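Below is one structure, written out as structure tokens; the observations come after it.
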Amino acid sequence: MTLLQVSGLESFYGASQALFGVDFSVGQSEVVALMGRNGMGKTTAINSVLGLIRPRGGGVRFIGRDIAGMQSYRIARLGIGLVPEGRRCFPNLTVRENLVAAARQGPWTLTRINSLFPRLEERQDQYAHSLSGGEQQMLAIGRALMTNPQLLILDEATEGLAPVIRQDIWAAIRRLKADGQSILVVDKTLAELLPVADRCFVLEKGRTVFSGKPDELTPELQDRYLGV
Ligand code: ATP
1 MTLLQVSGLE SFYGASQALF GVDFSVGQSE VVALMGRNGM GKTTAINSVL GLIRPRGGGV
61 RFIGRDIAGM QSYRIARLGI GLVPEGRRCF PNLTVRENLV AAARQGPWTL TRINSLFPRL
121 EERQDQYAHS LSGGEQQMLA IGRALMTNPQ LLILDEATEG LAPVIRQDIW AAIRRLKADG
181 QSILVVDKTL AELLPVADRC FVLEKGRTVF SGKPDELTPE LQDRYLGV
């Protein structure tokens, strides 16, 4: 079953067009990678899906409903959980308070988050601002999961983190996948992303230029679309 279907998406910043026709989809229990070099439109596409930017053209359907232009809190309530670029937890709440504040009914509970990220359990009474960058990222993922989303979106979840912490985050993503969680991932570390992805989409200059399975994204295509 298709959870999210984005077709022909066009978005603008003021008069300046950033997306010219973006297509991608995420099916139930699928991990989908949204890729592209810096500035190609990945964050704009995600923000357009979430209603943080109002798309001016194309369609966004989530579990069969047209959500293009819907207010972002309503989209979130329908079951999309975002882990935004740059994390954004409540700095003056503790780890536990951050998690509990996000909670909605469903299989994800504090106990389950603590088993996914034991480091968070060890720090449950610490203020979020006192956490390391990697721990804040775990908390941001935990918060999104506590909303019990049908679709989890991770925007650059491993960026700027120490290698060992990145490994922890990727291990968590693999566990979520094994649990059947549907995930849309934006990340630049292909070596980690491609093995976990069921399908990938590549954006270039605000357009989808590739869609397919990770093994169809040949080294030549990687070089053309993702090389620096
Ligand atoms: P990155 O990996 O660097 O986050 P990205 O693929 O997510 O890149 P976007 O941030 O979506 O790319 O940017 C797409 C285009 O929109 C770029 O040309 C960028 O300059 C432009 N853009 C992004 N944010 C704004 C903004 N707030 N105002 C105007 N233009 C913007």
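Heads up, the final residue of the sequence shown is numbered 228 in UniProt numbering, and it's a clean run with no missing numbers. Even for Gly, the Cβ is constructed at its ideal location relative to N, Cα and C. From a predicted model like this one, the values you see are computed outputs, not experimental measurements.
What is the DSSP secondary structure of residue i, reduced to helix, strand or coil?
i    : result
G21  : strand
D168 : helix
L139 : helix
R119 : helix
T147 : coil
Q222 : helix
T109 : coil
Could you check whether the Cβ of residue i sits closer than 7 Å to any heavy atom belonging to the ligand ATP?
i    : result
S115 : no
G39  : yes
T44  : yes
Y225 : no
Y127 : no
G36  : yes
Y73  : no
Who are the Cβ neighbours of residue i in its own chain at under 7 Å, not counting the five residues just before and after it?
i    : result
G180 : S29
L193 : A33, V185, D187
G106 : N148
C89  : N98, A128, Q136, L139, A140, R143
N47  : I53
A102 : R143, M146, T147
Closer than 7 Å to a non-hydrogen atom of the ligand NAD - does that hold for the CB of residue i?
i   : result
S16 : Although the ligand NAD was asked about, the structure shown includes only the ligand ATP as ligands.
Chain C beta carbons: is any one of them nearer than 8 Å to that of residue i?
i    : result
P195 : The structure shown contains no chain C, having only a single protein chain.
Assuming contact is defined by CB atoms lying nearer than 8 Å, are residue i and residue j in contact in what I supplied?
i    : j    : result
S25  : L52  : no
A45  : L203 : yes
R112 : M138 : no
S7   : L19  : no
V196 : K213 : no
I183 : I173 : yes
L131 : R123 : yes
Leaving aside the five residues before and after residue i along the sequence, list all residues of the same chain whose C-beta is less than 8 Å from its C-beta, in chain order.
i    : result
D125 : T94, V95, R96
G59  : Q5, V6, S7, G8, L9, D66, A68
Leaving out the 5 sequence neighbours to the left and right, which residues in its chain are closer than 6 Å to residue i when beta-carbon positions are compared?
i    : result
I141 : V83
Q: Starting from the N-terminal side, write out each stretch of the alpha helix (DSSP H) that is 4 residues or longer and does not extend beyond the region 151 to 199.
A: For the region 151 to 199, the full-length alpha helix (DSSP H) segments reaching 4 residues or more read 163 to 178, 190 to 196 along the chain.
Q) What residue ranges within the region 46 to 100 form continuous beta strand (DSSP E) runs of no fewer than 3 residues, ordered along the chain? A) Positions of the beta strand (DSSP E) runs, each at least 3 residues long and wholly inside the region 46 to 100, are given as 57 to 62, 80 to 83 in order along the chain.
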